[in-house]
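Right, one structure below, let's go through it.
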Amino acid sequence: WNRQCYATFMVDPVALDLGLIQIRWYGLTYLAGLGTGWWLLARRDSQSGGVWTGQQVSDLVFNSAVGLIIGGRLGSVLFYNFSWYLSHPLDIFKIWQGGMSFHGGLIGVLVAIALFARSTNQRFFSIGDFIAPVVPVGLGFGRIGNFINAELWGAPTTVPWAMMFPGAGDLPRHPSQLYEAFLEGVVLFSVLWIFSSRPRPLMSTSGLFLLLYGIFRFSVEFVREPDVNLGYLSGGWLTMGQVLSTPMIIVGGILLLLAYRQQAKT
Numbered sequence: 001w002n003r004q005c006y007a008t009f010m011v012d013p014v015a016l017d018l019g020l021i022q023i024r025w026y027g028l029t030y031l032a033g034l035g036t037g038w039w040l041l042a043r044r045d046s047q048s049g050g051v052w053t054g055q056q057v058s059d060l061v062f063n064s065a066v067g068l069i070i071g072g073r074l075g076s077v078l079f080y081n082f083s084w085y086l087s088h089p090l091d092i093f094k095i096w097q098g099g100m101s102f103h104g105g106l107i108g109v110l111v112a113i114a115l116f117a118r119s120t121n122q123r124f125f126s127i128g129d130f131i132a133p134v135v136p137v138g139l140g141f142g143r144i145g146n147f148i149n150a151e152l153w154g155a156p157t158t159v160p161w162a163m164m165f166p167g168a169g170d171l172p173r174h175p176s177q178l179y180e181a182f183l184e185g186v187v188l189f190s191v192l193w194i195f196s197s198r199p200r201p202l203m204s205t206s207g208l209f210l211l212l213y214g215i216f217r218f219s220v221e222f223v224r225e226p227d228v229n230l231g232y233l234s235g236g237w238l239t240m241g242q243v244l245s246t247p248m249i250i251v252g253g254i255l256l257l258l259a260y261r262q263q264a265k266t
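At position 118 of the sequence shown the residue is numbered 118 (the numbering used here), and the sequence of numbers has no breaks.
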């Protein structure tokens, strides 16, 4: 692919320019993920016999969205570019420019689930297992937003589908955003939705989500350009994304083991 060929695939990050207000594709992808996830949760609840009320589903989605945005932004600030935001604190609020960390967002959602579980007197993993299958929908839309924003591009490559990204130099690169949209979005959603369509032991759906996401993210990081301010952390290949994904793989495996061991005992 050359620069001229890539230009055919380039999308203006601004979906609608109203002068004082700009509506960006990045924000629309988040809304699309939130709306689709909300609809799927309601459908998932109805398929399971309507265990939740409509208000509970709405509250869970709202609380999770707040946790995602706050945690995702703070994660990006703390994990990836703390020195920059320390000297430019107002940039923390410029979410429309990108800069959301999945791992930070996950922590924010877990906090939201814990608070929701406490307020509704429900078990933490009951809520986690309920919401986990629809999380990949938001992940997939978010990665499409990264692609449109021309951010988080891949490492240089000569594969036929390589692309040129603005601000990424003159080398063709892996469209790693699309790899992640497929693996973290389409594949992960399909596996979790099918897996959870039958009764499963408590913690198993949450564990499978953590395990598979960690594996997918760790793998794609090998063809994804590390953040310029961080670079490779060790050995010329280890990235911050891999460091943060490793605990997910371990915890996910442990949760699956405990879930099925507990089922065997009972």
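From the three backbone atoms N, C-alpha and C, an ideal C-beta is built for every residue, glycine too.
Reduced DSSP secondary structure (H/G/I, E/B, other) of residue i
i: Pro13; result: coil
i: Gln122; result: coil
i: Met100; result: coil
i: Ile23; result: strand
Local Cβ density within 10 Å of residue i, reported as buried at 16 or more and exposed below that
i: Gly54; result: exposed
i: Thr158; result: exposed
i: Gly169; result: exposed
i: Ser234; result: exposed
i: Leu210; result: buried
i: Gln177; result: buried
i: Ala194; result: Rather than Ala, the amino acid found at residue 194 in this sequence is Ile. By the 10 Å Cβ count, Ile194 comes out exposed.
i: Asn121; result: exposed
i: His88; result: exposed
i: Trp38; result: buried
Alpha-carbon spacing of residue i relative to residue j, whole angstroms
i: Gly236; j: Ser58; result: 45 Å
i: Gln242; j: Arg217; result: 7 Å
i: Pro175; j: Ile23; result: 24 Å
i: Ala162; j: Trp25; result: 22 Å
i: Asp227; j: Leu68; result: 21 Å
i: Gly275; j: Asp12; result: In the structure as shown, the chain begins at 1 and stops at 266. Residue 275 is therefore absent and cannot be evaluated.
i: Leu188; j: Ile92; result: 30 Å
i: Ser64; j: Arg143; result: 18 Å
i: Gly214; j: Pro247; result: 8 Å
i: Val186; j: Gly108; result: 23 Å
i: Leu171; j: Gly154; result: 11 Å
i: Ile250; j: Asp17; result: 45 Å
i: Leu41; j: Gly49; result: 13 Å
i: Ser83; j: Arg198; result: 47 Å
i: Tyr282; j: Asn146; result: Since the first residue of the chain shown is 1 and the last is 266, residue 282 is not available in this structure.
i: Tyr80; j: Leu152; result: 12 Å
i: Val14; j: Ala150; result: 12 Å
i: Gly75; j: Tyr85; result: 12 Å
i: Gly99; j: Met203; result: 30 Å
i: Val137; j: Ile254; result: 25 Å
i: Met164; j: Ile21; result: 29 Å
i: Arg44; j: Ile131; result: 9 Å
i: Gln47; j: Ser196; result: 11 Å
According to DSSP, residues forming a beta bridge with residue i
i: Gly154; result: Arg224
i: Arg43; result: DSSP, once it has assigned bridges, lists no residue as partnering Arg43.
i: Met248; result: None; Met248 has no bridge partner.
Proximity test, residue i beta-carbon vs the ligand GTP heavy atom, cut-off 7 Å
i: Asp12; result: Because no ligand of any kind appears in the structure shown, any question about the ligand GTP cannot be addressed here.
Exercise for the section: Could I get the ranges of all uninterrupted alpha helix (DSSP H) runs contained in the stretch 165-242, with 4 residues as the minimum, in chain order? Expected result: 176-180, 188-195, 204-220
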